[in-house]
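Structure first, commentary second.
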Amino acid sequence: MNSTLGYGLVLLGLGFAAFAAVVGLVTGMTRRENALPWVQRAVYGFAGSMILSNLVMVKALLEHDFSVKYVSQVGSKATPTIFTIVSLWSALEGSILFWGAIMGAYLLAFTLTYRREHGRYMQLSLGVMAAVATFFAFLIAGPANPWGVVPNPLSDGPGPNPLLQNHVLMIIHPPMLYLGYVGMTVPFGIAAGALLRGELGDAWLVPLRKWTLVPWLFLSVGIILGSWWAYAVLGWGGYWAWDPVENASFMPWLTATAFMHSTMVLERKKSLKLWTIALALGSFVLTIIGTFMTRSGVFNSVHSFTQSDIGPTFLVFIAVVLVFCVLLLTVRGHLLVAESHLETVVSREGSILVNNLVFVALTFTVLLGTLFPLVTEALQNKKISVGEPYFNTMALPLGLLMLFLMGVGPMLPWGKADPKVLKQQFLIPGGLGVLTLLPVVLWRYGAWEPLGGGEKTFGGFASAMRSGDVMAAITFGVGTFVTVVTLREMFLPAQQRMAESKESLFTAFVASASRARRRFGGYVVHLGIVAIILAVAASSAYKVAAERTLKAGEAMKVGDYSVRFDGLANGKEPHREWVAANITVIGPGGEERRHIGADAPRMNYYERSNDPIGSPLVQEMVWRDVYVSLRTYDGKAQTATFNAWVFPLVGWIWYAIPLLVLGTLIALWPQRKTAAAVKAEAPAPNAATGTT
Amino acid sequence: MTFALLVSLLLGQGYAPQRQGLDPLEAEKEARVMRLGKQLRCAVCQGVSIADSPASMARAQLDKVRELVAENKSDEEIYAYFIERYGEWVLLQPTTGGLNSVLWLGPVALLGVGLIIIVMQSKRRAAASAAAGAPATTPAGPAPTSDDALLAQVRADLEQ
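Just so you know, the sequences run in chain order A and B. First residue of the first sequence: 3, per the numbering used here; consecutive thereafter. First residue of the second sequence: 3, per the numbering used here; consecutive thereafter.
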């Protein structure tokens with residue numbers, strides 16, 4: 003019953019999507035704009051059937067209807083209700099079905115938002131998006147069908163992948179990433195529509211920008227939550243391993259970020275049109291390649307629980323999309339003519355251009371590093387690895403350059419800069435940046451230690467460079483520089499208002515911020531990114547590690563903390579059993595915090611998995627985390643072996659999420675169109691656009 | 003797994019699938035062990051180094067590194083030991099020779115060529131505008147005066 007209904011809805015969705023794609027593209031190209039309502043209706047139909055089909059699946063999961071193939075794979079009566087619902091995306095077929103629902107929701111939201119727009123603008127965009135939707139609906143209906151019927155259903159199932167049941171973050175991280183991935187379909191549709199039409203005016207640009215920002219935010223949050231999950235669950239003390247799937251999500255994030263910057267040049271200077279469009283297309287292509295990497299099983303990774311044989315179908319789709327993009331860019335690209343050219347690199351547009359170059363170079367590095375083992379295996383039949391050391395070596399200088407540009411860019415004016423003014427502007431932030439280096443260096447040499455947690459052994463310059471120590475100090479210096487510049491740019495307009503019209507700081511600040519929401523929101527996001535970069539630098543260069551086997555009552559030192567082992571304990575939950583090593587973490591001031599049972603580092607045993615899955619104890623504090631992982635235990639001898647770390651500042655990676663959300667929301671908030679605002683906001687030549 | 007079995011594992015036969023491993027060496031040598039361990043890939047894990055992996059295989063490999071470091075073997079000798087047994091695959095950071103140079107030089111080349119293009123573009127514009135004796139504006143572009151706002155709005159509306 004559930005199977006028939008769910009599958010029927012998928013087929014219906016496939017029909018609607020195919021109809022919308024064909025009608026949208028054909029009537030869009032032949033400019034018969036009266037067909038638009040039909041495209042819109044088909045999109046609504048697609049969205050409705052996909053979302054309904056997902057609801058039916060949730061119902062089947064909750065009912066433990068093991069006659070449905072997918073439920074028989076991931077369902078179990080012992081699984082807590084919340085994880086039963088979440089298991090909708092805990093394996094391949096379900097996650098592709100869920101993908102369809104998100105696709106439907108995006109297309110629905112986009113179509114509704116612009117339902118009053120002229121057909122000329124919408125039909126092609128919707129047509130392209132619907133074509134992508136058709137592919138995914140086909141995938142759900144065919145190669146990745148979750149609705150198969152099990153002839154003789156069992157009375158219980160194995161339950162979802164244990165790794166996914168281990169932490170509450172697993173409930174939010176995948177949907178966030180899906181929202182990011184799927185959302186890139188919308189800017190892809192708009193960009194492809196613009197190219198098919200051969201024009202790129204403001205009418206295209208504004209939605210293109212906004213609808214890139216939305217998936218960008220979800221992608222950012224999804225990536226950060228994923229790293230948080232890895233940190234809190236996997237127990238090896240890291241949050242980012244340059245795993246192929248992590249790389250897959252990072253690449254579209256990089257190109258979308260580059261897009262967000264180049265679009266400013268496009269708006270201001272009417273140049274970089276083709277480049278910006280290429281970035282929008284590229285971000286989408288990279289999400290599809292990323293999905294392929296996750297789903298095809300070409301790569302072994304933490305995410306390979308979603309392997310299947312949909313690889314070939316995906317490869318064909320990637321090839322089609324790539325050919326489509328290249329054809330579009332070569333055949334229609336010449337229609338997008340730049341209306342101005344770069345005058346000097348030392349300008350806002352120059353810095354954005356260099357920023358774009360660095361982002362693309364990093365994307366290329368990540369792509370190259372991820373795919374290279376496949377290349378050597380194909381060409382030389384030789385297996386090699388490209389792992390963390392390679393990516394760290396390559397990404398560090400590029401990341402530092404990005405950070406630096408984040409400070410330089412906002413300082414530079416559009417067009418030609420006056421060197422004298424520049425020097426003056428650079429002085430304070432630059433000076434403060436250099437000053438920051440001082441305590442860091444002193445601290446590392448053991449002369450000054452208010453922060454604590456640092457090692458005092460310092461094996462000379464070469465080993466310091468290798469350990470990333472000096473690089474981290476430089477990162478802090480540049481980070482301070484960027485923060486000062488950003489805060490100054492945020493408060494300077496308010497200060498001017500206060501001087502001019504005697505407003506209070508708050509009024510002036512709010513008024514100046516709401517005047518230039520996008521710029522202001524961008525700066526808030528920048529502050530969040532700076533926090534993340536500094537947290538990454540500090541937690542990787544200044545971490546302290548220790549590893550020991552303890553008898554009950556013994557303690558080990560890790561940095562300024564000690565960890566005392568208080569004996570083993572065990573417990574039982576409906577879906578798992580566990581063995582925990584009770585510990586007490588003793589802080590620098592002698593304060594003790596006990597961690598017992600479920601709150602202590604432990605090994606979890608799931609019915610479905612032979613190997614135990616550890617969960618570490620993370621004692622989170624504002625400035626540092628104490629992280630204790632149980633590696634082995636011996637029940638007979640009552641000993642346990644621990645890995646313990648102190649990570650300074652690591653929490654700031656995830657604490658930055660609110661800043662990213664806030665900044666993006668400020669930038670996305672619709673500008674009220676008062677007469678004054680229009681006058682102030684719109685420099686005259688900006689509105690006249692396109693080459694039509 | 004039943005609870006009784008779990009308890010028996012806990013108290014009885016010593017359920018310890020993971021190796022305990024050797025004790026760390028003195029600080030300086032142990033730092034070297036960790037640095038080398040970071041470069042070597044755990045044979046049974048998924049792209050994790052033997053320094054990071056909790057798997058027993060990785061612990062054993064790390065112990066081997068400890069042994070070799072204790073014997074004062076050079077970095078090259080230690081890498082060679084592992085390459086001989088596991089192939090080049092064991093190095094998380096690929097070597098620089100042969101085809102691998104693409105991996106190392108590719109991004110650098112992209113960055114270099116990109117920078118050259120950007121600088122040349124701006125130089126050319128600067129030269130062109132100097133020759134014309136005027137600030138470089140687009141010949142075809144409308145002059146940015148405030149009167150154009152209305153015109154621009156009309157154009158934008160027409161475009162819709």
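Every residue gets a Cβ at the ideal spot worked out from N, C-alpha and C, and that includes glycine. Only a predicted model underlies this, so the values are computations on that prediction, with no experimental measurement involved.
query	result
Quick one: grab the DSSP three-state call for D627 (chain A).	strand
Rounded to whole angstroms, what's the CA-CA distance from A139 (chain A) to Y46 (chain A)? Just pull it up for me.	14 Å
Are the CB atoms of G106 (chain A) and M178 (chain A) within a distance shorter than 9 Å?	no
Pull up the distance between the alpha-carbon of F137 (chain A) and that of V323 (chain A), whole angstroms please.	11 Å
What are the partner residues of I173 (chain A), as DSSP defines its beta bridges?	Partner(s): none; I173 (chain A) has no beta bridge.
Please return the same chain residues whose Cβ sits closer than 8 Å to the Cβ of Q162 (chain B), not counting the five positions on each side in sequence.	Per-residue confidence for Q162 (chain B) stands at a pLDDT of 47, beneath the threshold of 50, marking its modelled position as unreliable; no derived number is given.
Express the C-alpha separation of I104 (chain A) and P209 (chain A) in angstroms, rounding to a whole number.	19 Å
Taking 9 Å as the CB-CB cut-off, is K40 (chain B) touching chain A?	yes
Would the segment 74-86 of chain A and the segment 158-174 of chain A be scored as touching if the rule is three or more Cβ pairs under 8 Å?	yes
How would you call T6 (chain A), buried or exposed, if buried means at least 16 neighbouring beta carbons within 10 angstroms?	exposed
Determine the DSSP secondary structure at Q43 (chain B), reduced to helix, strand or coil.	Before going on, a small fix: residue 43 (chain B) reads as Arg here, not Gln. Note: R43 (chain B) maps to strand in three-state DSSP.
Considering Cα atoms alone, identify which of A:G191, A:T586, A:I312 and A:L156 is closest to A280 (chain A).	A:G191
Can you say whether G99 (chain B) is buried or exposed, counting buried as having 16 or more other CB atoms within 10 angstroms of its CB?	exposed
Round the Cβ separation of W580 (chain A) and Y607 (chain A) to the nearest angstrom and send it over; I've been treating them as touching at under 8 Å.	7 Å
How about L93 (chain B) and E79 (chain B): are their beta carbons less than 9 Å apart?	no
Exposed or buried, which one is K125 (chain B) when buried takes at least 16 other CB atoms within 10 Å?	exposed
Taking the alpha-carbon of V538 (chain A) as reference, which of A:V620, A:V652, A:L274 and A:S564 has the nearest alpha-carbon?	A:V652
So for V325 (chain A), helix, strand or coil by DSSP?	helix
For the segment 59-80 of chain B, which residues have a beta carbon sitting closer than 9 Å to at least one beta carbon of chain A?	R61
Residues of chain A with CB closer than 7 Å to the CB of G89 (chain B), please, in chain order.	K385
To the nearest angstrom, report how far apart S55 (chain A) and G30 (chain A) are at their CA atoms.	30 Å
Using three-state DSSP, classify T145 (chain A) as helix, strand or coil.	The residue you asked about is not Thr; residue 145 (chain A) is Pro in the sequence shown. Three-state result, P145 (chain A): coil.
Rounding to the nearest angstrom, what Cα-Cα distance links L113 (chain B) and A363 (chain A) in this structure?	6 Å
Report yes or no: is there a C-beta of chain A within less than 9 Å of the C-beta of L27 (chain B)?	no
Please report the straight-line C-alpha distance between T378 (chain A) and F326 (chain A), rounded to a whole angstrom.	28 Å
How far does the alpha helix (DSSP H) with V546 (chain A) in it extend, from its first residue to its last?	Taken as a continuous stretch (DSSP letters only), V546 (chain A) belongs to no alpha helix (DSSP H), being part of the beta strand (DSSP E) at V546 to K553.
For G120 (chain A), count neighbouring Cβ atoms within 10 angstroms of its own Cβ and tell me buried if that reaches 16, exposed if not.	Per the sequence shown, residue 120 (chain A) should be read as His rather than Gly. Answer is exposed; the Cβ neighbour count stays below 16.
Is the CB-CB distance between G39 (chain B) and A29 (chain B) below 9 Å?	no
Mind checking which residues open and close the alpha helix (DSSP H) that includes F48 (chain A)?	L38 to L64
For a contact defined as C-beta to C-beta under 8 Å, what are the partners of G116 (chain B) on chain E?	No chain E is present in this structure, whose protein chains are A and B.
In whole angstroms, what separates the C-alpha of K425 (chain A) from that of E491 (chain A)?	16 Å
By DSSP, does K79 (chain A) sit in helix, in strand, or in coil?	coil
Going by beta-carbon coordinates alone, are L288 (chain A) and T257 (chain A) separated by less than 9 Å?	yes
What separation, rounded to the nearest whole angstrom, lies between the Cα atoms of P412 (chain A) and V587 (chain A)?	45 Å
Report the three-state DSSP secondary structure of G561 (chain A) (helix, strand or coil).	coil
Apply the 10 Å Cβ neighbour rule to K275 (chain A) and answer buried if 16 or more other Cβ atoms are within range, or exposed otherwise.	buried
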